[in-house]
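Residue numbers (my numbering): 110 to 215.
The C-beta atom is built at its ideal place from N, Cα and C for all residues, glycine as well.
Below is one structure, written out as structure tokens, with a few remarks after it.
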Amino acid sequence: MSAAADVDLAVSIGAVRLPTPVIAAAGTFGYGTEFAGLVDLAAIGAIGVKGLSLAPARGKPPPRLLESPGGMLNAIGLQNIGVEAFLRERLPALHAAGARVVANFW
């Protein structure tokens with residue numbers, strides 16, 4: 110039996126090859142840079158960053174969370190730093206950490 114480190118978890122999504130099928134979900138992992146000190150970003154298959162708009166968006170005013178009998182509801186309002194700030198402030202650090210990035214633009 111081979112060691113766990115020898116198991117190949119790599120997957121392909123179209124022409125893109127990821128080392129593992131684990132993709133950190135947008136919304137729970139921010140822009141990814143927030144977790145650089147806690148997680149080896151290069152070890153994750155990819156990071157799905159928060160959705161980005163052309164211009165920065167402030168999102169909805171508080172309250173943004175509501176507790177209900179079935180769980181919680183949120184209405185963040187697509188708050189984000191905008192594409193230019195992401196490219197300038199966040200993407201270089203992600204690339205330096207060896208992260209693969211999945212971005213969505215709206």
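To the nearest whole angstrom, what separates the beta carbons of residue i and residue j, a pair I think is in contact under 8 angstroms?
i	j	result
Ala135	Val158	6 angstroms
Leu147	Leu203	Contact doesn't hold; Cβ gap of about 14 angstroms is too wide.
What does the alpha-carbon distance come out to for the pair residue i and residue j?
i	j	result
Pro165	Val210	19 angstroms
Arg167	Ile132	26 angstroms
Ile153	Asp115	16 angstroms
Arg173	Ile185	6 angstroms
Arg199	Pro130	23 angstroms
Pro128	Ala194	28 angstroms
Assign residue i to one of two classes, buried (16 or more other C-beta atoms within 10 Å of its C-beta) or exposed (fewer than that).
i	result
Thr142	buried
Phe214	exposed
Asn189	buried
Ile122	exposed
Going by C-alpha distance, which of the options is nearest residue i?
i	options	result
Leu161	Gly191, Glu198, Leu196, Ala208	Gly191
Lys169	Leu187, Leu163, Ala155	Leu187
Ala212	Ala124, Ile156, Pro178	Ile156
Name the DSSP bridge partner or partners of residue i?
i	result
Leu127	Val120
Glu176	Met181
Leu187	Paired residues: none, contrary to the question.
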